[in-house]
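If you want this note's numbering, it's the position in the sequence shown, counting the first as 1, plus 11. Step one of this worksheet: look at the structure below.
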Amino acid sequence: MVSENQKLHVMFLPYIAPGHMVPMVDMARLFAANGIQVTIILTTMNARRFQNAIDRDSRLGREISLRILRFPSQEAGLPEGCENLMSTSTPETTKKLFPALELLRPEIEKLFREQNPNCIVSDNLFPWTVSIAEELGIPRLAFTGSGFFNNCVSHSLEHHQPFKNIVSETQKFTVPGLPDQVKLSRSQLPDIVKCKSTGFSAMFDELNNAERRSFGVLMNSFYELEPAYADHFRRVTGKKAWHLGPVSLYNRDVDDKAERGDKSCVSKHSCLSWLNSRKPNSVLYICFGSLTRFSKEQTLEIAAALKESGHSFIWVVGKILKTDDDQEEESWLPDGFEDEVRRNDRGFIIKGWAPQVLILEHQAIGGFLTHCGWNSILEGVSAGVPMVTWPVFAEQFNNEKLVTQVLKFGLPVGNEIWKIWATQDSPVINRGNIKNAICAVMDNDDQEAVKMRKKANHLKELAKKAVEEGGSSCNDLKALIEDIRLYKHK
């Protein structure tokens with residue numbers, strides 16, 4: 012057992028996707044701000060994204076450091092510098108990342124043994140870390156990267172399989188056993204859920220088994236956002252869980268907000284200057300995350316919808332796939348679109364990493380067209396912004412239902428098909444549907460839009476209170492630190 016005056020040492024191992032690394036590094040910095048010695052294990056290119064933030068914390072006297080490992084790109088047949096899911100250009104390249112991670116495993120295990128920390132916090136996609144924690148006689152905490160709602164939906168789908176006897180891909184079914192009526196269709200589920208292969212079944216079993224053997228689960232969420240699901244998760248899974256979020260709100264420094272996750276490709280001054288020239292709630296922010304790839308046809312429809320909507324916007328334009336050989340190319344926009352936007356001064360286009368938290372918090376932002384990644388939803392909630400939802404893959408369709416069906420502060424654009432990579436046969440959401448959803452959320456005189464905005468603002472206040480002294484997330488963090496301190500070697 013750790014004595015009261017002995018400083019705890021906690022080691023963090025994030026997964027190699029921006030949506031996992033960013034909140035986990037935030038969480039690590041939160042631990043350091045509360046007197047914990049923190050070590051974050053990252054590879055060379057991934058570490059560069061967070062070095063400035065870690066250096067700022069160190070200058071404040073916090074014991075936080077990066078342990079940087081060389082990524083085995085060459086050994087795995089990857090180009091140099093390709094160290095995370097954002098840097099891959101094709102499904103084939105992505106697949107090579109996973110064996111590369113396995114090559115790193117012995118070095119990471121050796122590092123844990125040498126450092127002998129008081130606790131390991133690892134992404135739940137590294138299930139093997141529970142074994143090394145057991146060997147060292149220390150707790151392993153699993154970071155899930157999503158909220159209680161998604162975990163409850165996933166648990167129900169896995170155990171009840173309500174989609175099993177449904178023939179139609181588009182027919183809606185109710186997810187059983189949840190506090191609210193939540194409807195999904197087969198087309199919104201990953202193939203690995205609908206028809207588990209032996210390999211994927213084994214993988215899911217390994218993840219679940221590791222979570223059961225772990226000390227507990229860490230959630231980037233706050234109790235007031237999804238109270239019924241926080242209670243439901245603990246009850247049906249029997250797992251300990253601590254909600255510590257929204258972790259983005261712990262970034263109070265302007266530089267922390269501007270560089271969260273990486274250095275922004277635009278200056279914060281130019282972005283804020285443009286936003287300062289707009290009226291409150293008049294600008295739509297559009298971002299589909301770091302991993303979404305659309306076709307040219309879909310990008311064209313989005314551009315047309317923005318033009319026809321008449322609303323000002325900030326658009327973080329992602330990369331697309333070529334239609335001929337499915338090789339990734341740089342961000343693409345229709346001919347003349349950027350010139351027209353610049354001429355009319357109705358939009359601000361960002362090609363690359365955006366200072367999302369800084370943008371969303373600005374009073375000019377009136378709506379968020381989002382892919383429903385969990386970090387984006389929490390950042391939108393923390394800023395009090397209603398949403399236009401456009402899920403694409405991962406758990407995003409589940410997250411959409413929390414926004415549109417349970418909390419009701421957003422409207423769906425209408426995507427029904429779960430798909431990771433855009434291809435020539437990917438369905439295209441037409442400009443009319445996109446425009447209608449945008450206008451329905453951005454119309455400040457519409458009764459339903461006003462209701463959604465009011466709900467979003469209420470959630471914003473709850474989020475702020477959660478991370479303040481005496482708030483639910485602040486209290487859970489203190490309880491967790493004490494639990495780690497009192498943990499007895501088994």
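Backbone N, C-alpha and C define an ideal beta-carbon position, used for all residues, glycine too.
Could you give the residue range of the alpha helix (DSSP H) that holds residue i?
| i | result |
| --- | --- |
| M398 | From DSSP, M398 is part of no alpha helix (DSSP H) but of the beta strand (DSSP E) over 398 to 400. |
| M38 | 29 to 44 |
| K476 | 458 to 478 |
| G391 | 385 to 394 |
| Q367 | 367 to 371 |
| N161 | 159 to 171 |
Pick helix, strand or coil for residue i, following the three-state DSSP scheme.
| i | result |
| --- | --- |
| C450 | helix |
| V328 | coil |
| D134 | strand |
| H322 | coil |
| M12 | Any reading at M12 must be qualified, since the residue scores a pLDDT of 47, below 50, and its modelled position is unreliable; the value itself is stated next. In this structure, M12 counts as coil in the three-state DSSP scheme. |
| H7 | The chain is shown only over 12 to 501; residue 7 falls outside these bounds and no answer can be derived. |
| P102 | helix |
| A241 | helix |
| L147 | helix |
| G188 | coil |
| R223 | helix |
| V228 | strand |
| R289 | coil |
| R304 | strand |
| A153 | strand |
| S281 | helix |
| T334 | Confidence is the limiting factor: at T334 the pLDDT is only 47, short of 50, which leaves the residue's position unreliable and the question unanswerable from this model. |
| G481 | coil |
Could you tell me how far apart the beta carbons of residue i and residue j are, in whole angstroms, since I believe they sit closer than 8 Å?
| i | j | result |
| --- | --- | --- |
| C383 | V414 | 7 Å |
| Q192 | T185 | 6 Å |
| P257 | V392 | 7 Å |
| Y234 | V478 | So it is not a contact: roughly 11 Å between Cβ atoms. |
| V439 | G421 | Incorrect: roughly 22 Å between the Cβ atoms, too far for contact. |
| V164 | N409 | 5 Å |
| R73 | A111 | Their Cβ separation, rounded to whole angstroms, is 31 Å, which puts R73 and A111 out of contact at 8 Å. |
| N299 | G329 | Checking the displayed sequence, the identity of residue 299 turns out to be Phe instead of Asn. Yes, they are in contact, since the Cβ atoms of F299 and G329 sit about 6 Å apart, within 8 Å. |
Find the nearest neighbour of residue i within the set the options, judged by alpha-carbon distance.
| i | options | result |
| --- | --- | --- |
| A375 | G300, R289, V399, F324 | R289 |
| M32 | R263, L19, E94 | E94 |
| K466 | P397, E120, L497 | P397 |
| L229 | D37, H171, L317, T101 | D37 |
| S437 | F324, F404, R223 | F404 |
| G249 | N219, G30, D346, A144 | N219 |
| S69 | S157, P90, G46 | G46 |
| I325 | I297, G347, T310 | I297 |
| A394 | G378, A460, D454 | G378 |
| P128 | L152, E427, N63, F160 | L152 |
| R304 | M35, D216, P102 | P102 |
| A448 | W432, P423, N455 | P423 |
| V81 | L114, V452, F123, R73 | For the sequence presented, residue 81 should be read as Arg rather than Val. For the residues L114, V452, F123, R73, the minimum Cα distance to R81 belongs to L114. |
| E217 | F154, K251, S387, P138 | P138 |
| F143 | R67, F154, C130 | Here residue 143 is Ile; the residue named in the question, Phe, does not match the sequence. Nearest of R67, F154, C130 to I143, Cα basis: C130. |
Who pairs with residue i in a beta bridge, going by DSSP?
| i | result |
| --- | --- |
| Y10 | Not covered by the structure: residue 10. The range shown for the chain is 12 to 501. |
| G358 | F324 |
| S76 | T50 |
| A58 | Beta-bridge pairing links A58 to no other residue. |
| L488 | L488 is not bridged to any residue. |
Residue range of the beta strand (DSSP E) that residue i falls in?
| i | result |
| --- | --- |
| Q48 | 48 to 54 |
| K183 | 183 to 185 |
| S196 | 194 to 196 |
| V417 | Segment: none, V417 is in no beta strand (DSSP E) and carries neither H nor E. |
| W253 | 252 to 254 |
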